[in-house]
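Read through the structure below, which is laid out as structure tokens, and then see the notes.
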Amino acid sequence: MKSAKPVNTPLANHFKLSKQSCPKSQEEKEAMAGVPYSSAVGSLMYAMVCTRPDIAHAVGVVSRYLSNPGKDHWEVVKWILRYLKSSANKSLSFGKENPILEGYTDADMAEYIAMTEAGKEMLWLKRFLQQLGMKQERYDIHCDSQSALDLSKNAMYHSRTKHIDVRYHWLRQVVEEQQFKLEKIHTDENPADMMTKVVTGGKLQLCAELIGIECM
1424 MKSAKPVNTP LANHFKLSKQ SCPKSQEEKE AMAGVPYSSA VGSLMYAMVC TRPDIAHAVG
1484 VVSRYLSNPG KDHWEVVKWI LRYLKSSANK SLSFGKENPI LEGYTDADMA EYIAMTEAGK
1544 EMLWLKRFLQ QLGMKQERYD IHCDSQSALD LSKNAMYHSR TKHIDVRYHW LRQVVEEQQF
1604 KLEKIHTDEN PADMMTKVVT GGKLQLCAEL IGIECM
């Protein structure tokens, strides 16, 4: 990968991965046997968790095929590595100023459920920081789905939400208790987008800057 051409996004729209790309014949499986797919994905996961959340979506995609990766899947892994090469000087950073705890959610299918899970993380981090003596006036979770926000405030039963498990309605309770607030954010300003879908280079740069990924 030393001579690989750099790219400006961790995943591109022209990649269409599926199980159809998995090796089917013995010959295809043998051809992939010598490819370090699992170790490469493992290394990408390490980078993602420690300091590069901007590759989260791409790593999630290639992780689906760990048991039987094909050539197309390997091309995407190499694409992610090319992206990291082009942005090797970037890293998640925390400044010396007092940190502000905020949450951002985005989900492809059920954003209300995603908000609930984000709320649990928010509550834990809020209490953790307070124990360290770090308090702030308000705690916000930002969401770009108006319907999800409406559902979090409206306890009325609706046929479209009957599939949602009761445990997810915990969100309504903590919002009523003012443990944190749910705020609407425009999709173009939601940094969580880069963790759930393919975004353009410009949008990726904006999202990365919003969560503190900077040139070191």
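Counting the sequence shown from 1 gives a position; the working numbering is that position plus 1423. Note that beta-carbon positions come from the ideal geometry of N, C-alpha and C, so glycine has one too.
- It is roughly 7 Å from the alpha-carbon of residue 1593 to the alpha-carbon of residue 1539.
- Three or more beta-carbon pairs separated by less than 8 Å link the stretch 1482 to 1501 to the stretch 1450 to 1470, which places the two stretches in contact.
- Shortest Cα-Cα distance from residue 1624 to any of 1428, 1427, 1434 and 1426 involves 1434.
- In the three-state DSSP reduction, residue 1610 falls in the helix class (H, G or I).
- Between residue 1574 and residue 1535, the CB-CB gap stays under 8 Å.
- Excluding its 5 nearest sequence neighbours in each direction, residue 1509 has C-beta neighbours in its own chain below 7 Å: 1429, 1430 and 1431, listed in chain order.
- Annotation for residue 1466: the continuous alpha helix (DSSP H) segment containing it runs 1460 to 1473.
- Taking C-beta atoms under 8 Å as the contact rule, residue 1605 and residue 1566 qualify, at a distance of about 6 Å.
- Taking a 10 Å sphere around the C-beta of residue 1611, we find fewer than 16 other C-beta atoms and assign the residue as exposed.
- Restricting attention to 1522, 1556 and 1529, the CA atom closest to the CA of residue 1630 is found in 1529.
- Residues of the same chain with a CB within less than 7 Å of the CB of residue 1446, apart from the 5 flanking positions on each side, are 1452, 1455, 1491 and 1493 in chain order.
- For the options 1444, 1537 and 1424, the alpha carbon positioned closest to that of residue 1506 is the one of 1424.
- Exposed is the label assigned to residue 1561, since fewer than 16 other Cβ atoms lie within 10 Å of its Cβ.
- The residues 1597, 1602 and 1603, in chain order, have a CB closer than 8 Å to that of residue 1546 in the same chain once the five nearest residues on each side in sequence are set aside.
- Taking a 10 Å sphere around the C-beta of residue 1521, we find fewer than 16 other C-beta atoms and assign the residue as exposed.
- Counting only residues of its own chain and dropping the five nearest sequence neighbours on each side, residue 1517 has a CB closer than 8 Å to the CB of 1635.
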